[in-house]
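Heads up: the structure comes next, in structure tokens.
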Amino acid sequence: MSGHEFQSHFEVSGDVDHTDKSTNLTEENVQEMRYILDRYPQPRSAIMPMLHYVQSVDGRISPAGVKVTAELVGVSEAQVNGVATFYTMYKRRPAGKQHVGVCVTSLCAIMGGDYILDACEKHLGIKAGETTPDGSVSLEAVECNAACDFAPVMMVNWEFMDNMTPDTAVELIDKLRADEPVQSTRGATITSWKEAERVLAGFSDGRADEGPTAGHASLTGLNIAAEKGWSAPDPANLPAPEPKQEEQK
Ligand code: FES
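Put into structure tokens, the structure is as follows:
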């Protein structure tokens, strides 16, 4: 990536990037982090939402964000680093304005996930784990999103894009880069990665009810059961389990 004015390889192993001390965190942001802390009986429970908040401001886990989180929660910076470097949703290098994930786990892969990722990489000119030089899009190969009934799926800022193809993936990326309105196939309006991170930190954007709670594919079994008059057994009157073989002797 040398020669580009913007570099990002957020999926690298190792620590938070302490060579980049820049931060946008202000005293007002620290106040909001205190507000997050106050919602949890155990201060340590606030670490994860606070780190999402740091990403909503700095676009990554910044050393300043780690320091403030550690001070507010009352733990060491090493402990906060441990959380920030364990979970893949925390980015140690700047993510793009829009963060795009392509599921490449078994079912999505069988349905074309690898081809979609390949198309995205070629179209963006980056590899999974990198951000475009203009900072507009970051790309990630993600593991099963528990949406296999809509495979192959993509995510934009953690919102679902169902039943994708290489062509619709490229179209989606073009729209995102052109700042055209984009909606998840489940209905939610795509905002930006930072805005989505603020919601994950616990600040509602009022969009939680946009779109259906379950799509047609997830409801197919339920609809078939309703049509045929099937119902689940009463949990209070389940048949007794078969005795184990030793007990039968
Ligand atoms: S394998 Fe892609 S959502 Fe499950």
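Mapping to the UniProt record's numbering: the sequence shown position 75 is 75, numbers consecutive.
Backbone N, C-alpha and C define an ideal beta-carbon position, used for all residues, glycine too.
Note that this is a predicted model, so its numbers are computed, not measured.
Ignore the nearest five residues each way along the sequence and tell me which others in residue i's own chain have a CB closer than 7 Å to its CB.
{"i": "Ala141", "result": "Val102, Val104, Leu117, Ala128"}
{"i": "Leu124", "result": "Thr132, Val137, Leu139, Ile173"}
{"i": "Pro63", "result": "Val16, His18, Lys21"}
{"i": "Arg207", "result": "Ala188, Thr189"}
{"i": "Ala119", "result": "Pro166, Ala169, Val170"}
{"i": "Val75", "result": "Arg44"}
{"i": "Lys67", "result": "Glu77"}
{"i": "Ala95", "result": "Phe10, Gly59, Arg60, Thr131, Ser138, Trp193"}
How many angstroms separate the CA atom of residue i from the CA atom of residue j?
{"i": "Met111", "j": "Ala70", "result": "43 Å"}
{"i": "Ser138", "j": "Glu130", "result": "6 Å"}
{"i": "Asp167", "j": "Thr26", "result": "42 Å"}
{"i": "Glu77", "j": "Asn29", "result": "19 Å"}
{"i": "Glu159", "j": "Gly135", "result": "19 Å"}
{"i": "His4", "j": "Cys144", "result": "For His4, the predicted model reports a pLDDT of 42, less than 50, meaning its position is unreliable; a value from the coordinates is still stated below. Approximately 32 Å between the Cα atoms of the pair."}
{"i": "Thr88", "j": "Asp20", "result": "20 Å"}
{"i": "Arg93", "j": "Gly221", "result": "42 Å"}
{"i": "Trp230", "j": "Leu219", "result": "14 Å"}
{"i": "Asn24", "j": "Val54", "result": "9 Å"}
{"i": "residue 250", "j": "Val57", "result": "Look at the range of the chain in this structure, 1 to 249, and you will see that residue 250 is not part of it."}
{"i": "Thr165", "j": "Gly82", "result": "37 Å"}
{"i": "Glu180", "j": "Cys108", "result": "27 Å"}
{"i": "Gln183", "j": "Ala84", "result": "29 Å"}
{"i": "Lys175", "j": "Lys228", "result": "43 Å"}
{"i": "Cys148", "j": "Ile224", "result": "19 Å"}
{"i": "Asp234", "j": "Glu242", "result": "18 Å"}
{"i": "Phe203", "j": "Trp193", "result": "14 Å"}
{"i": "Ala240", "j": "Thr213", "result": "35 Å"}
{"i": "Ala217", "j": "Ala178", "result": "31 Å"}
{"i": "Asp209", "j": "Tyr35", "result": "24 Å"}
{"i": "Asn237", "j": "Phe86", "result": "43 Å"}
{"i": "Gly113", "j": "Thr191", "result": "24 Å"}
{"i": "Tyr115", "j": "Ser106", "result": "13 Å"}
State the beta-bridge partners of residue i as determined by DSSP.
{"i": "Val100", "result": "Leu139, Val156"}
{"i": "Gln183", "result": "Thr189"}
{"i": "Met161", "result": "Met154"}
Looking only at its own chain, which residues have a Cβ that is under 6 Å from the Cβ of residue i, when we skip the five neighbours before and after it?
{"i": "Glu121", "result": "Lys127"}
{"i": "Tyr40", "result": "Ala46"}
Rounded C-beta distance between residue i and residue j? I'm assuming under 8 Å.
{"i": "Val156", "j": "Val100", "result": "6 Å"}
{"i": "Phe150", "j": "Gly215", "result": "6 Å"}
{"i": "Val153", "j": "Asp162", "result": "6 Å"}
{"i": "Arg60", "j": "Lys97", "result": "The Cβ separation is near 13 Å, so there is no contact."}
{"i": "Glu197", "j": "Asp205", "result": "Not really, about 11 Å apart at Cβ, beyond 8 Å."}
{"i": "Ala201", "j": "His52", "result": "4 Å"}
Specify, as a first and last residue, the run of the alpha helix (DSSP H) that residue i falls within.
{"i": "Ile224", "result": "216-228"}
{"i": "Lys21", "result": "Looking at the DSSP string, Lys21 is not in any alpha helix (DSSP H), and its letter there is neither H nor E."}
{"i": "Ser106", "result": "106-110"}
{"i": "Lys175", "result": "166-177"}
{"i": "Glu32", "result": "27-38"}
{"i": "Ala70", "result": "63-73"}
{"i": "Asp118", "result": "113-124"}
{"i": "Gln55", "result": "47-58"}
{"i": "Ala78", "result": "77-84"}
For residue i, which residues from the same chain have a beta carbon less than 8 Å from its beta carbon, with the 5 sequence-adjacent residues on both sides left out?
{"i": "Val73", "result": "Leu37, Pro43, Arg44, Ala46, Ile47, Met50, Val80"}
{"i": "Arg186", "result": "Glu159, Phe160, Asp162, Gly211, Pro212, Gly215"}
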